[in-house]
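First up is the structure itself, then whatever we jot down about it.
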Amino acid sequence: MTTFRPRRPAFALGAIATASALFLSACGSSGSSSNPGSGGGSPQTGGTLTFYDPVPYQKWQTTNSLWSVSQVTDNIGERLIWQDPKTGKLKPWLAHSWSVSADHKTYTFRLKPNLKFTDGTALTSQVVKDNFDQHGFGDKKLGISADQFWNGYAGTKVISDTTFQIKLNTPDAGFLQVLSNYRASTILAESYVKQNLAGQSKIQNWVGTGPFRYAGGDGVNEVILKPNPHYTSWPTGSAHTGRAYLNEIDFKYVPEESTRIGALQSGQAQIVRNLSPTDEQTVSSFGGQLKSFGVQGETNALAVQVKSGLITDDKHVRLALNAATDRKEINQAVLSSNYGTPIGPLVKGTPDAPDLSSYLTYDPDKAKQLLQNAGWTLNSDGYRYKKGKQLHFDIWVAPYYQVSQQVLEVLQSQWKKVGINLTIHSVSLDQYESISAAGGTGNKKFSFSQSQTSTADPNVLRVDYDTIRANGLGQDVKSPDTKLNELVRNQAEIFDPTKRAAAVKKIGEYVYQQGYSIPLYDETQVFGLSSAVHGFGTESTARAWLYDTWLSK
């Protein structure tokens, strides 16, 4: 068995710039430096931090990856393992140590002693089991589905109050990283686990072990957090120990961009998430701080749907769409230097991210030829037709991403140059999710899904593409692309680093050879901070981690 046993930490184990800040040089901006000595003097306790978010709050179940929701829940619930956002190394969090069997199917964990939830109940192996069984198996009686990250889970065996074993049916090279993922492995109190889906969808029912606890707000427009005064489970490498510095965090949904920026400038808000590129200079001009974090995992891309009856069923059309997309122009026209230009299916900095730039070259002449070969002929109106039908696609602005509208408008102009008509629709978040689930509305079909899945391990490609997981291409599960399934599943059983990297590269090559994905930009979170904010950082997928954050007076 291979065993991980950490040395007893000598706090603090280095700057939080190492443990709580993600900086990808490709993003062109410095990530946060949370070293208490890096400006602002010594950390101060107290104060209310107001955090404005452009995305509404809803559906608070642990598997929700909505950006706004995960900024909050990341500070309430914790995981067994902390993944250092800069180095990618896995470190103890709720777990004190762990070991892995030789066949990579049994994981033995030992919890830190005397851990408690904020309701006073103990965190035991049985509570972990109940959480993980719900993730791995779902619970039909409670209306809870199994988590896509937990395919292959065989169960958890309780050995003692602080020791347990997780069993897998098949080896999974990314499983330890899954146990650090904010949406896949957060451990909450039994009072939450026993709730049905409706109950788990309310922030009021979240009871965790984290540095903060729910303290108010309707969970729709506002959430208020207060510190956990008995906090003992800080991740290895944190900049301090004990309770969090902040006295309160007030998260608010504020859709109007001008209101968010004005509040940051006036001091009404201290953090604004997901700044638009046009406002980055504005924030800098009035003395605010810009913190950019590359989101490890998949690039932000259009996942081409290959359901029967869509124009995108034709491989030549899919390849033409990719060749007609100029990612450098997208970056220069509507993004900023904080956003990376894609080099492959994974954001630069994600472990084993391959450089497949050669597949992403802008080549409008190639696009025209591919479309011509597929029978799409250019008409006098500038668009292509086949058997009287225009080469036309509908696409909906993804409300999760601040830059979605602007990026799609550039894409619209690029595709028009080769004879493709792209119609952009903008709807509310609820409408978007309804239309997406239905595959379109009326005669308007969902040919593309703008998306990206965040987790700092290449196994994210399996979560997305495997037809027994997220099935991101919308394939017919009765007749899937068996080669793609084989590729994404095989990499999960490779533990040799060099061989696994090669297997991940093969996945990317195949995806681009088939035209399954049209990368747009490397997903990035840009935060605007007032000059009073210090020690701000994120976990590995750019969700705010506010344990070491403090305010100067």
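Quick note on numbering: the sequence shown equals residues -21 to -1, 1 to 532 in mature numbering (1 follows the signal peptide of the UniProt record, and there is no 0). C-beta atoms are modelled at their ideal positions from N, C-alpha and C, and glycine is treated no differently.
Asked, Found
"Whole-angstrom distance between V106 and F116, CA atom to CA atom", "15 Å"
"V51: first and last residue of the uninterrupted alpha helix (DSSP H) it sits in", "W46 to T52"
"Cβ pair E488, L349 closer than 8 Å", "no"
"Same chain, Cβ closer than 7 Å to Q113, five either side skipped, listed in chain order", "I123 and V172"
"Buried versus exposed, by CB contacts within 10 Å (16 or more), D206", "Here the sequence assigns Pro to residue 206, which means Asp is not the residue at that position. It is buried - the Cβ of P206 has at least 16 other Cβ atoms within 10 Å."
"Three-state class that DSSP yields for G504 in the structure shown", "Note on identity: in this sequence residue 504 is Gln, with Gly being the wrong assignment. Reduced to three states, the DSSP call for Q504 is strand."
"Under 8 Å between C-beta atoms of Q381 and S496", "no"
"Length of the line joining the Cα atoms of P214 and R363", "56 Å"
"Proximity below 8 Å, CB of L28 to CB of I250", "yes"
"Contact under 8 Å by Cβ, L147 with A125", "no"
"Q144 in three-state terms, based on DSSP", "strand"
"Any 3 or more C-beta pairs closer than 8 Å across the segment 260 to 278 and the segment 506 to 513", "yes"
"Span of the alpha helix (DSSP H) around H114", "S104 to F116"
"Assigned exposure category for G429 - 16 Cβ within 10 Å defines buried", "What sits at residue 429 in the sequence shown is Gln, not Gly. Per the 10 Å Cβ criterion, buried."
"Inter-stretch contact (C-beta, 8 Å, three-pair minimum) for the segment 454 to 462 and the segment 297 to 311", "no"
"Where K91 falls: helix, strand or coil (DSSP)", "coil"
"Length-filtered (3 minimum) beta strand (DSSP E) runs lying within the segment 444 to 481", "none"
"Cβ distance (whole Å) where S164 is taken to contact L155 below 8 Å", "Wrong, their Cβ atoms sit about 10 Å apart, outside the cutoff."
"Integer Cβ distance of E388 from I403, believed to fall under 8 Å", "7 Å"
"Buried or exposed by the 16-neighbour rule on C-beta atoms within 10 Å, applied to Q284", "buried"
"Straight-line Cα distance separating F425 from A416", "9 Å"
"Rounded C-alpha distance that separates C6 from S316", "For C6, the pLDDT reaches just 34, beneath the cut-off of 50, and the residue's location in the model is therefore unreliable, although a value from the coordinates is still provided. Each residue's alpha carbon lies about 6 Å from the other."
"Those runs of the alpha helix (DSSP H) which lie wholly inside the segment 398 to 444 and span at least 4 residues", "408 to 417 and 439 to 444"
"Sub-8 Å separation of E236 and P33 beta-carbons", "yes"
"Pairwise C-alpha distance: G196 and G187", "17 Å"
"Cβ-Cβ distance between Y500 and Y224 below 8 Å", "no"
"Alpha-carbon to alpha-carbon, K396 and K462", "34 Å"
"Supposed contact pair W375 and I322 - C-beta distance, whole angstroms, cut 8 Å", "The pair is not a contact, with the Cβ atoms about 27 Å apart (cut-off 8 Å)."
"Separation of K181 from K120, as counted between CA atoms", "18 Å"
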